[in-house]
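One structure is given below, encoded as structure tokens.
Number of protein chains: 4
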Amino acid sequence: MNPVAPPNPDFAAATRALFASQPLMGLLGAAPENVSPGRVELALPYRADLAQQDGFLHAGVVTALLDNACGGAAFTLMPPGSGVLSVEFKVNLLAPAAGSSFVARAEVRRAGRTLSVCQGELFARGEGAKGGAKDGAKDGAEKLVALMQATMMRVER
Amino acid sequence: MNPVAPPNPDFAAATRALFASQPLMGLLGAAPENVSPGRVELALPYRADLAQQDGFLHAGVVTALLDNACGGAAFTLMPPGSGVLSVEFKVNLLAPAAGSSFVARAEVRRAGRTLSVCQGELFARGEGAKGGAKDGAKDGAEKLVALMQATMMRVER
Amino acid sequence: MNPVAPPNPDFAAATRALFASQPLMGLLGAAPENVSPGRVELALPYRADLAQQDGFLHAGVVTALLDNACGGAAFTLMPPGSGVLSVEFKVNLLAPAAGSSFVARAEVRRAGRTLSVCQGELFARGEGAKGGAKDGAKDGAEKLVALMQATMMRVER
Amino acid sequence: MNPVAPPNPDFAAATRALFASQPLMGLLGAAPENVSPGRVELALPYRADLAQQDGFLHAGVVTALLDNACGGAAFTLMPPGSGVLSVEFKVNLLAPAAGSSFVARAEVRRAGRTLSVCQGELFARGEGAKGGAKDGAKDGAEKLVALMQATMMRVER
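Residue numbers (our numbering), protein chains in the order written: chain A, 1074 to 1230; chain B, 1074 to 1230; chain C, 1074 to 1230; chain D, 1074 to 1230.
As structure tokens, then:
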């Protein structure tokens, strides 16, 4: 789906700078693990203050991570001078978000001049955050916990 | 759509206790403004560390607030001994989330034994957080910035 | 949400002509009941060949009706020379679509220059299509069976 | 994601019988191309009466095909005596649905006892239905035109 040469040769640095410019990413402790043309991975260590009532990662944090990964993936394929905004997204929560860390992987499925459509997956890693393997991912393994389908918009900067 | 008498006579206290048990609500600074049968309002003051790259409230925070309002609204109509989990939701972002505070209003559209369908609206209040009224809500007025359509699930506690 | 004067003074005739130009509407037997600025109602009589395996209206037909009502509602607020395309939509099915006829009501929640966000509701009317009132709408009443949240795009003609 | 042995050894015949029991599939001319555990492919030849105003396949037909493929995929992993209903779905339309035929491919991403989450993709095949290759799929190739993310529910029969 992705072009051989992204229109911004500095796409990786630009995308990492985009993440660094978002205060919420700092508050949550999220950071990019991988940035390639049309694909982004964002990681987040578990913290108790990011949880919902059962100790699992709150759906709002799940969404923040997936939304940023999708927006970043779309941004990697945009020309210099672009900004990116979320138009809409849909999230399905497949399993309790229990883990010692999480990674959101997003991919562009259609890169348009203005609108891009992306899909993202959130995986839990490590021992379950509450009481171990029963509710979460086994040590060393990854468990799929959420899916996103999103529309991102390019704006002029 | 909502029953005259909710099955849990202590629904209001139970729903406020649900919000109080969510660490993320404390981190974000969100609090219930109103809890009635099938309806919940959650308010959040703007803070710079909740923003995306343009200073607007991050879509993940918008979603956290709407998701909690929808989950709380569904919870008000559940019998004692219930818990609530998000199954899925869809968010449309209609305008930049610029304001000095925000309120999410959610309503149950169908209350099933297991699954409930809710709709939520997020409004910005007060002066725009960045550069005033041009991008955000006028003083004293409210501006619609996002819509959610969500499925919530009752679980036994 | 809607302007006092829509930018196309002939919006009603233009929107009815849009529906008339869609062959699928003829195949399904759908027709506009009401067209006003930012709002459209589309009606459809039940037919057995529009059903899924239980005799209820198929979710694809539910969606076709809601999608057209949302697209038409967005179109009423567009200037002359516009066309409308669906960007994305989300449907929640709240109850079996059992009835002798159905009506989709859609409303624009945000009318942008290019993108419009709409919400739609599908109601069943009359006796349930299969075995009467148990599964469907009571005589003379309407029953809410589905919700849509959608993004529509204006294109130049 | 899919179990080695689906709980219904006759899953393929049961799923094909499910499609055969849906009158709308006959009206649209859709038929299963492939049924395997957790995966279904449904094909549909283009017909002018299935179109929207530009001659492309109507989004309601796109949805009907994707919804049925997702429901069928979920059904292949359900035990004997099950029925399947759509709870909700989200569709992104990526490109005009122009082609001489279409195929919907769906896959189960999470198979729960009651709720299953599926993803589907719709591809256009053959020459574009209106004016050839410019707007549609090249001869022999497939072009991705829509994505679905859906929740399906098991019911007892």
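Each residue gets a CB set at the ideal place from its N, CA and C atoms; glycine is no exception.
A quick note: this is a predicted structure, and the numbers were derived from the prediction, not measured.
Asked	Found
Sub-8 Å separation of B/F1092 and B/P1079 beta-carbons	no
For A/A1179, the three-state DSSP class (helix, strand or coil)	strand
Delimiting residues of the beta strand (DSSP E) encompassing C/P1105	A1104 to S1109
C/T1149 at chain B interface by Cβ criterion, 8 Å	no
Proximal residues of chain B, C-beta to C-beta of A/A1132 below 8 Å	T1136, A1137, D1140, S1159 and F1162
Assigned secondary structure, C/A1219 (DSSP; H/G/I helix, E/B strand, else coil)	strand
Identity of the residues DSSP links to D/G1193 by a beta bridge	D/A1179 and D/M1221
Alpha-carbon to alpha-carbon, B/G1154 and B/A1085	14 Å
Straight-line gap, A/A1184 to D/R1230 (C-alpha atoms, nearest Å)	44 Å
Contacts around C/E1161, its chain only, beta-carbon distance under 8 Å, and the 5 residues preceding and following it disregarded	A1223 and T1224
CB contact flag (A/V1218, A/L1138, <8 Å)	no
Among A/S1094, A/P1096 and A/F1129, nearest to A/A1171 - alpha-carbon criterion	A/F1129
Against chain C: residues of the segment 1215-1226 of chain A by CB proximity under 7 Å	T1224
Residue ranges of each alpha helix (DSSP H) within the segment 1112-1162 of chain C, 4 or longer	1132-1149
Cβ neighbour criterion (16 or more within 10 Å) applied to C/P1152	exposed
Residue range of the alpha helix (DSSP H) that includes C/T1088	F1084 to A1093
Amino acids of chain B, ordered along the chain, whose beta-carbon sits closer than 9 Å to that of A/L1195	Under the 9 Å cutoff, chain B gives no residues; its nearest Cβ is about 12 Å from A/L1195.
Contact under 8 Å by Cβ, A/L1195 with A/M1226	no
Interfacial residues, the segment 1160-1191 of chain C to chain A, with Cβ spacing under 9 Å	V1160, E1161, K1163, T1187, L1188 and V1190
8 Å Cβ cutoff met for D/V1228 and D/G1145	no
Integer Cβ distance of B/Y1119 from B/S1159, believed to fall under 8 Å	About 24 Å separates the two Cβ atoms, so there is no contact after all.
Residue nearest to D/P1096 in terms of C-alpha spacing, selected from C/A1132, C/F1148, C/Q1192 and C/E1180	C/A1132
Cβ-Cβ separation, D/L1101 to D/V1134 (assumed contact under 8 Å), whole Å	6 Å
8 Å Cβ cutoff, A/D1083 in contact with chain B	no
Spatial neighbours of B/T1088 in its chain, beta-carbon cut-off 6 Å, leaving aside the 5 residues before and after	V1108, G1145, F1148 and T1149
Reduced DSSP secondary structure (H/G/I, E/B, other) of D/L1101	helix
A/A1142 beta carbon less than 8 Å from that of A/L1123	no
Chain-order list of residues whose beta-carbon lies under 7 Å from that of A/L1117 (same chain, five-residue window excluded)	L1101, G1102, A1103, L1138, S1174 and F1175
Test: C/A1146 CB closer than 8 Å to a CB of chain D	no
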